[in-house]
Structure formats: C-alpha cells, structure tokens
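J.: Sequential numbering of the sequence shown, starting at 76, is according to our numbering. Where is the CB? At the ideal position from N, CA and C, for every residue including glycine.
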Amino acid sequence: MIKETFLKLIANYTDDDRLTSELWSEIEKNYSSKKRHYHTLQHLDNLLAQLTEVKREIHDWSTILFTLYYHDIIYNSLKSDNEEKSAELAEKRMLQVSVPNVTIALCKEQILATKSHLKSENADTNYFTDADLSVLGQDWETYSLYCKNVRKEYAVYPDIMYIPGRKKVLKHFLAMDRIFKTDFFHTKFEQQAKQNLQKELELLNG
Numbered sequence: 076m077i078k079e080t081f082l083k084l085i086a087n088y089t090d091d092d093r094l095t096s097e098l099w100s101e102i103e104k105n106y107s108s109k110k111r112h113y114h115t116l117q118h119l120d121n122l123l124a125q126l127t128e129v130k131r132e133i134h135d136w137s138t139i140l141f142t143l144y145y146h147d148i149i150y151n152s153l154k155s156d157n158e159e160k161s162a163e164l165a166e167k168r169m170l171q172v173s174v175p176n177v178t179i180a181l182c183k184e185q186i187l188a189t190k191s192h193l194k195s196e197n198a199d200t201n202y203f204t205d206a207d208l209s210v211l212g213q214d215w216e217t218y219s220l221y222c223k224n225v226r227k228e229y230a231v232y233p234d235i236m237y238i239p240g241r242k243k244v245l246k247h248f249l250a251m252d253r254i255f256k257t258d259f260f261h262t263k264f265e266q267q268a269k270q271n272l273q274k275e276l277e278l279l280n281g
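(1) Is E285 buried or exposed, if buried means 16 or more other CB atoms sit within 10 Å of its CB?
(2) Name the two residues that bound the continuous alpha helix (DSSP H) containing H261.
(3) For the putative contact between S152 and V231, defined by C-beta atoms under 8 Å, what is the C-beta separation to the nearest angstrom?
(4) Assuming I179 and E166 form a contact by the criterion Cβ under 8 Å, report the distance between their Cβ atoms to the nearest whole angstrom.
(5) For the alpha helix (DSSP H) containing Y144, list its first residue and its last residue.
(6) Would you list, in sequence order, the uninterrupted alpha helix (DSSP H) runs of no fewer than 4 residues that lie entirely inside the stretch 209-243?
(7) Assuming S137 and L170 make a contact with CB atoms under 8 Å, what is their CB distance in whole Å?
(8) What separation, rounded to the nearest whole angstrom, lies between the Cα atoms of Y218 and N271?
(9) Please go through the same chain and pick out, in chain order, the residues whose beta-carbon is closer than 7 Å to the beta-carbon of T189, but skip the five residues on each side of it.
(10) Alpha carbons only, please: which of F141, D90 and D234 is nearest the one belonging to N280?
(11) With a threshold of 7 Å on Cβ separation, who are the neighbours of Y202 within its own chain once the five nearest residues in sequence on each side are excluded?
(12) What three-state label does DSSP hand L193 in the structure shown?
(13) Using only CA atoms, which one of L278, G212 and K263 lies nearest to K242?
(14) Round the Cβ separation of G212 and K263 to the nearest angstrom and send it over; I've been treating them as touching at under 8 Å.
(15) Give the secondary structure of V129 by DSSP, where H, G and I count as helix, E and B as strand, and everything else as coil.
(16) Using 9 Å as the threshold, is the C-beta distance between Y144 and L181 below it?
(17) With 16 as the cutoff for other CB atoms within 10 Å, does Q273 come out buried or exposed?
(18) Once the 5 residues before and after Q117 are set aside, which same chain residues still bring their CB inside 6 Å of it?
Pasting the structure below:
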C-alpha cells in the first residue's frame, strides 16, 4: 500500500517511469537501513493508516503525502539535524518532478515541525505531527516494542547517557497540557499516551 500510494502521488507530476522508480528505491533503501528499527517503512505504513482516517479533514493531501515519505528519509541517531537534512532532500526530489513551489515550501515546513511537534497555525501540519506521535497512544505491548526499537536505534549510547535523555523526553511530553493538537487524535490517543509515558518513566526510574 505504501509503495502504490507513492507511485500514484508521483504520477500526478511526471510520467518518467525511470525517475519514479529511482525516487521510490531511494525511499525504500533509506527506510530499510539496518540501523533503523522504528523509523522504517512500517512507520510510514502506520502514518498513512492514521492519516487516511482523517483524510476528509485534510486540505492538501498531496503535500501531506510528500511530507510522510520524506520526513524521516535522513535519519542518524548521532545527528540533530535530521529534519533539516530530510527537508532539503525533499525539496531536491520534488523539484525533479516539477512540484509547485508552494507545495514544496509547505512540505518542508511540515517536516521541520516534526522536530518539536508544537502546535501549528496550519491544521494539516497538526494532523501530520499528531499522526507522527500516534504510537505513543497505542496499547502497552505496541508502545513497549516502540521503546525497544528506539533504544536499538540509539544503541551507540550506553544506558548512563541514554536513560537521562529518554527521561527528559518523557517528562517533556508529560508536562504538556495536550500532547495531541487536533481533537480527533486527542480523543483517540491522549489518555493512553499519558499512561504509557508515565509507565515507561517509572520503569526507567527503577
């Protein structure tokens, strides 16, 4: 489904099959890297499923899809500029298929919004960042697997470094009045997300 959706998206902008194939291969290769355990094609698949539920609420579906495919295309746990690098690559690839500048600008804005997940003035951006955080509100088994996979992605860091950083992230989310900006995702995931985050924090505290 994730591949078919991408091919349909690109077909709106180019009929160059070779270029389309190259673009998909790059996405597939990057998200299938052996260093990735959470930021994978499965993550994209979950995002697409979550966003499809609110498709009728989204103003610019094409932009949302470009954001989906490129928001984590560059991911290195040792770096802090993954979103910026991903946005740069998204712009480069979208220019190759003659995507309008207004779409490119909004896509880059949405990718950069995943760095902080703060509320945006753009409703579509809020739907995207909420969907990006939807794993926080899944059942404990799913959330626990997510935690383990994130830890694997940061395996280069010993516990003495990883745990304080992870606890800081958890406390940041728990301190928020609302984790999810949109009413749809707030109703669907907020309560479970707070429970999961609190439980993980307690486990890390021993």
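T.: This is what the structure gives:
(1) Since the first residue of the chain shown is 76 and the last is 281, residue 285 is not available in this structure.
(2) Segment D258 to N280, the alpha helix (DSSP H) holding H261.
(3) Between S152 and V231 the beta-carbon gap is near 7 Å, inside 8 Å, which marks them as a contact.
(4) About 5 Å separates the two Cβ atoms, so the contact holds.
(5) Under the DSSP assignment, Y144 falls in the alpha helix (DSSP H) whose first and last residues are W136 to Y145.
(6) Listed in chain order, they are 215-228.
(7) Their Cβ separation, rounded to whole angstroms, is 15 Å, which puts S137 and L170 out of contact at 8 Å.
(8) Computed Cα separation, rounded: 7 Å.
(9) Once the five neighbours on either side are set aside, the close Cβ partners of T189 are H146, E158, T204 and D207.
(10) Nearest of F141, D90 and D234 to N280, Cα basis: D234.
(11) Cβ neighbours of Y202 beyond the five flanking positions: L126, V129, E132, I133 and T257.
(12) DSSP places L193 in coil when its eight states are reduced to three.
(13) With distances taken between Cα atoms, K242 lies closest to L278.
(14) In this structure, G212 and K263 form a Cβ contact; the two beta carbons are roughly 7 Å apart against a cut-off of 8 Å.
(15) Coil at V129, not helix or strand.
(16) Not in contact: Y144 and L181 (Cβ atoms no closer than 9 Å).
(17) Taking every protein chain shown into account, the CB of Q273 has fewer than 16 other CB atoms within 10 angstroms, so this residue is exposed.
(18) There are no such residues.
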